[in-house]
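J.: One structure is given below, represented as structure tokens, and several questions about it will come after.
Protein chains: 4
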Amino acid sequence: MPDNPQTQKEQPRRRQARGERRIAQLLEAAARVFCTTGYTAASTNAIAREAGVSPGTLYQFFPNKEAIAIELGDRLVHEMRDTYGEALAPIDPATPLETAIGSAIDRFLAFNTEHPVFFALMHGPDIPGRMAETHDQLHSTLISRLESLLASLMPGAAPADVTRTAHVCLGIYKSGLELVLAHEGAERAAYVQEIKDVLIRYLAPLACDRLGPG
Amino acid sequence: MPDNPQTQKEQPRRRQARGERRIAQLLEAAARVFCTTGYTAASTNAIAREAGVSPGTLYQFFPNKEAIAIELGDRLVHEMRDTYGEALAPIDPATPLETAIGSAIDRFLAFNTEHPVFFALMHGPDIPGRMAETHDQLHSTLISRLESLLASLMPGAAPADVTRTAHVCLGIYKSGLELVLAHEGAERAAYVQEIKDVLIRYLAPLACDRLGPG
Amino acid sequence: MPDNPQTQKEQPRRRQARGERRIAQLLEAAARVFCTTGYTAASTNAIAREAGVSPGTLYQFFPNKEAIAIELGDRLVHEMRDTYGEALAPIDPATPLETAIGSAIDRFLAFNTEHPVFFALMHGPDIPGRMAETHDQLHSTLISRLESLLASLMPGAAPADVTRTAHVCLGIYKSGLELVLAHEGAERAAYVQEIKDVLIRYLAPLACDRLGPG
Amino acid sequence: MPDNPQTQKEQPRRRQARGERRIAQLLEAAARVFCTTGYTAASTNAIAREAGVSPGTLYQFFPNKEAIAIELGDRLVHEMRDTYGEALAPIDPATPLETAIGSAIDRFLAFNTEHPVFFALMHGPDIPGRMAETHDQLHSTLISRLESLLASLMPGAAPADVTRTAHVCLGIYKSGLELVLAHEGAERAAYVQEIKDVLIRYLAPLACDRLGPG
DNA sequence: GATGAATGAGGATTCATTCAT
DNA sequence: TATGAATGAATCCTCATTCAT
């Protein structure tokens with residue numbers, strides 16, 4: 001069974017294609033496993049099994065579970081960026097805060113609902129302060145994006161304050177997301193509204209120069 | 001097939017005495033281990049070792065890891081109750097909301113700082129909706145207490161709304177606690193203030209009949 | 001089949017008996033495996049299998065393969081000491097060198113033939129200078145014993161010279177042992193004589209004050 | 001990525017050229033890896049990586065790890081032959097034994113120092129008697145050369161005695177080499193002298209008809 | 001020839017849990 | 001009661017080797 005050498009010249013790295021497919025396949029499998037069992041309990045063997053490949057294959061592309069999660073997080077962030085634009089669209093000052101936050105939350109929730117693995121990856125550390133690299137990366141990225149968004153809301157604030165506010169907002173969002181995902185239908189909608197209310201009321205006084213809804 | 005001893009409220013048996021000591025010893029060890037490694041990563045063997053007893057002894061008192069965490073959570077709740085009174089002292093209507101929430105948070109934080117294992121036990125589920133029994137018990141208890149506290153704040157609200165608000169508040173508190181424990185000194189104090197602000201602003205409109213601070 | 005409880009008072013740790021037996025059993029199994037496959041290729045699972053226990057049992061007594069080898073080496077050294085006396089019986093100055101070395105080699109070889117695992121444990125490092133802990137321990141012990149033996153032979157020598165000579169002698173012995181073990185019958189005997197000759201001729205000029213055989 | 005075939009004036013089989021380069025490249029890489037990790041611990045993947053080629057390429061030239069080592073050993077032996085002449089230059093009977101052995105050792109050591117992989121390949125078997133093919137080849141070659149060298153020293157000796165003496169000498173040399181490579185500077189020089197002394201004293205009585213240095 | 005993907009058995013090690021004493 | 005030995009499946013990860021392209 002010799003190969004066909006005539007197709008060779010136009011594909012400088014055809015073989016990487018298979019690898020790329022495998023990587024995508026593995027990441028999808030990992031996402032499924034993370035959603036089913038949570039990040040901590042997920043095992044590399046389970047991911048390989050879910051992907052229908054041998055453990056060795058997994059390790060050809062990822063050195064360990066952490067790396068899988070990091071890559072998965074990276075891809076999610078990029079997809080988020082592609083979908084919603086850079087820096088969460090620095091808010092138009094004319095938009096009422098309520099509307100701005102409401103739509104931001106809606107978009108975030110839409111994304112998280114479509115990519116439920118996000119929750120598993122964002123899940124906080126088991127021990128306060130000690131965060132796995134995975135979460136750290138994703139967390140930092142999200143914090144950065146939030147900071148730039150908040151900076152436009154809090155023009156006079158010190159950077160440390162913006163950072164702190166970003167952490168608080170992300171915390172609120174994460175715990176809210178947990179509640180939203182745990183419910184369905186009208187109850188879910190009600191929780192969505194609660195998140196918005198919490199954030200709007202928390203941020204309204206900080207966005208002092210911005211006109212409220214009424 | 002002995003019955004479940006935890007359902008029996010009074011036990012005058014004297015051998016229980018040594019058993020009680022053992023149980024306390026094991027729970028203290030478990031608390032230490034949970035704090036050090038987190039609940040998921042904690043192993044029963046490690047707990048037994050930390051307690052200075054053999055694995056077999058541990059299993060004489062607890063059927064599994066879960067049961068240890070549940071009992072630990074129960075005892076913490078009881079201690080909390082003993083320390084701060086039943087139902088979080090239904091708030092005196094004359095107290096300004098700001099003060100009420102501020103002192104409630106302070107007391108909670110004091111308790112959590114003194115019992116750092118609380119964080120490990122309260123740590124949310126890895127998968128939304130699916131909560132380990134451990135956290136479920138503790139969570140339900142805290143929610144109940146919060147509900148009764150909030151009920152006094154939101155006299156006209158529907159029970160479902162009170163429950164929902166309780167969940168939101170607990171979520172905010174948990175994520176806030178994580179941030180507080182992850183920092184020290186002035187930064188920690190700043191985060192404490194943020195939690196209070198978030199909750200106050202969130203609850204102020206709900207406590208419509210209550211006089212605000214100004 | 002309960003044990004006899006009346007023997008209990010004199011045995012403060014009877015339960016260790018089972019453990020001790022297991023340890024002996026594991027060490028014997030390890031010795032067999034080391035002899036069969038060599039130290040490097042030996043696996044803990046293979047040792048456990050050979051001992052007829054589960055991998056977990058092995059790890060209850062030894063943290064890793066290294067530890068097994070070290071303990072095995074220790075026991076061998078102790079047995080050697082018990083059998084042949086402390087410090088290889090500092091040689092009677094009246095004994096001719098030839099006799100002294102000859103009988104020392106004979107005794108060493110007898111021991112090594114009876115405990116073939118000794119060879120596997122003494123086997124030098126794969127990379128010069130970098131020695132596994134196992135071999136290091138055993139090696140150091142043997143070197144020490146040789147040093148004290150040689151010190152009585154080389155009264156005026158500097159310690160560094162004694163040490164160097166000890167290393168050389170041990171090297172000769174090890175490589176000789178390899179040859180001896182690789183042969184049988186008359187050929188083996190011939191190799192035994194060669195080792196003796198090498199050592200005698202090497203050491204004779206160093207033991208300057210000692211009377212030769214003639 | 002075509003090579004330039006026009007620079008090669010005559011090639012009975014031009015693909016061999018690239019192949020030879022690949023083989024050399026792989027052998028160099030293997031030598032480096034063997035020196036770093038030892039033969040047993042070296043992995044074919046590691047060798048391929050070190051050589052900058054894919055595992056598949058390695059297996060196009062060598063059927064397994066053993067074959068790499070054997071070929072490496074062969075080339076070393078040939079290089080040794082090219083450098084020091086056939087049969088180690090059958091010793092001029094007029095040369096004093098001391099000088100002959102001294103310079104032979106010096107040359108061997110020079111070669112081994114320049115080709116440190118020699119040590120890894122010569123490293124004795126893990127199990128006495130059972131020698132890997134690799135070492136066997138190399139060993140046999142060295143023994144042969146030693147035999148012919150010794151034959152000129154021991155004119156009247158039976159072939160079996162010569163063979164035995166060759167094995168003993170090689171053993172001494174190998175264990176000595178280990179000591180030499182493990183030390184540096186003056187201590188290394190001292191060990192070199194020890195090897196020489198051991199061999200000279202061992203061989204002097206066998207070379208009965210040869211005049212000593214005095 | 002060359003590539004890199006794929007394999008899968010096997011490596012060391014852990015752990016919740018049970019059992020004999 | 002209490003001990004500590006015992007389990008064995010499951011963990012992560014590696015490796016020599018083969019295969020499709």
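Residue numbers (full-length UniProt numbering), protein chains in the order written: chain A, 1 to 214; chain B, 1 to 214; chain C, 1 to 214; chain D, 1 to 214.
All C-beta atoms, glycine included, are put in the ideal place defined by N, C-alpha and C.
(1) Look up R130 (chain B) in the DSSP assignment and give the residues it is bridged to.
(2) Could you say if the stretch 49-56 of chain D and the stretch 20-34 of chain D meet the contact criterion of at least three C-beta pairs nearer than 8 Å?
(3) Please identify the residue among B:I68, B:D82, B:S144, B:E114 whose C-alpha is closest to the C-alpha of T165 (chain B).
(4) Three or more C-beta pairs closer than 8 Å, one from the stretch 131-151 of chain A and one from the stretch 67-83 of chain A: is that the case here?
(5) Sort C:A31, C:T40, C:L149 by Cα distance to D126 (chain D) and report the nearest one.
(6) What are the start and end residues of the alpha helix (DSSP H) that includes G156 (chain B)?
(7) Does P125 (chain A) have its Cβ less than 9 Å from a Cβ in chain B?
(8) For chain D, check one thing: does any of its Cβ atoms lie closer than 9 Å to the Cβ of F119 (chain C)?
(9) Give the interface partners of R145 (chain B) over in chain A, defined as CB-CB distance under 7 Å, in chain order.
(10) Name, please, each residue of chain B whose Cβ falls closer than 7 Å to the Cβ of residue 226 (chain A).
(11) With a CB to CB cut of under 7 Å and the five nearest residues on each side skipped, what residues in its chain are close to A207 (chain B)?
(12) Note down, in chain order, every chain A residue with its Cβ under 7 Å from the Cβ of G129 (chain B).
(13) Just mark residue 215 (chain B) as buried or exposed, buried being the case when its beta carbon has 16 or more other beta carbons within 10 Å.
(14) Can you tell me the Cβ-Cβ gap for I47 (chain D) and L58 (chain D), rounded? I've got them flagged as a contact below 8 Å.
(15) Compare the C-alpha of A67 (chain D) against each of D:T113, D:A132, D:A157, D:G171 and name the closest.
(16) Classify H123 (chain C): buried if its beta carbon has 16 or more other beta carbons within 10 angstroms, exposed otherwise.
(17) Output yes if chain B places a C-beta closer than 9 Å to the C-beta of Y39 (chain A); else output no.
(18) P5 (chain D) by DSSP, collapsed to three states: which one?
(19) Which term fits R18 (chain C), buried or exposed, when burial requires 16 or more other beta carbons within 10 angstroms of its beta carbon?
(20) What are the boundary residues of the alpha helix (DSSP H) that Y191 (chain B) is part of?
(21) Could you have a look at V33 (chain C) and say whether DSSP puts it in helix, strand or coil?
(22) I'd like to know whether the C-beta atoms of R201 (chain C) and A120 (chain D) end up nearer to each other than 9 Å.
(23) Does the Cβ of T83 (chain C) have 16 or more other Cβ atoms within 10 Å, making it buried, or fewer, making it exposed?
(24) Determine the closest residue to T37 (chain B) out of B:L150, B:H183, B:P116, B:A104, with distance taken between C-alpha atoms.
(25) Spatial neighbours of T134 (chain D) within its chain, please: CB distance less than 8 Å, with the 5 preceding and 5 following residues excluded, ordered by chain position.
(26) Span of the alpha helix (DSSP H) holding A120 (chain B)?
(27) Quick one: grab the DSSP three-state call for L206 (chain D).
(28) Is the Cβ of A30 (chain D) closer than 9 Å to any Cβ of chain C?
(29) Would you kindly work out how many angstroms separate the C-alpha atoms of C169 (chain D) and V162 (chain D), rounded to a whole number?
(30) Examine chain A for any beta-carbon lying closer than 9 Å to the beta-carbon of R164 (chain B), and answer yes or no.
(31) Examine chain A for any beta-carbon lying closer than 9 Å to the beta-carbon of P205 (chain B), and answer yes or no.
(32) E194 (chain C) versus chain D: which residues are under 7 Å apart at the beta carbon?
(33) Name the chain C residues that come within less than 9 Å of A190 (chain D), Cβ to Cβ?
(34) Could you give the C-beta distance for F61 (chain B) and L26 (chain B), rounded to a whole number, given that I count them as a contact under 8 Å?
(35) Hey, could you find the ends of the alpha helix (DSSP H) G73 (chain A) is sitting in?
(36) For a test of the three-state rule: what should DSSP assign to Y59 (chain A), helix, strand or coil?
T.: So, to answer that:
(1) B:I127
(2) yes
(3) B:S144
(4) yes
(5) C:T40
(6) Taken as a continuous stretch (DSSP letters only), G156 (chain B) belongs to no alpha helix (DSSP H), as it is neither H nor E.
(7) yes
(8) yes
(9) Ordered by position in chain A, no residue passes the 7 Å Cβ test against R145 (chain B), which lies about 18 Å from the chain.
(10) Residue 226 (chain A) falls outside the range modelled here, since chain A spans only 1 to 214, and no answer is possible.
(11) L97, L153, M154
(12) L181, A182
(13) Any question about residue 215 (chain B) goes unanswered here, given that chain B covers just 1 to 214.
(14) 6 Å
(15) D:A132
(16) buried
(17) yes
(18) With a pLDDT of 42 at P5 (chain D), under the threshold of 50, the modelled position of that residue is not reliable, and the figure given next carries that caveat. It is helical.
(19) exposed
(20) 185-203
(21) helix
(22) no
(23) exposed
(24) B:P116
(25) Y39, E66, A69, I70, G73, L121
(26) 117-122
(27) coil
(28) no
(29) 10 Å
(30) yes
(31) yes
(32) R164, V168
(33) A160, D161, R164
(34) 6 Å
(35) 65-84
(36) helix
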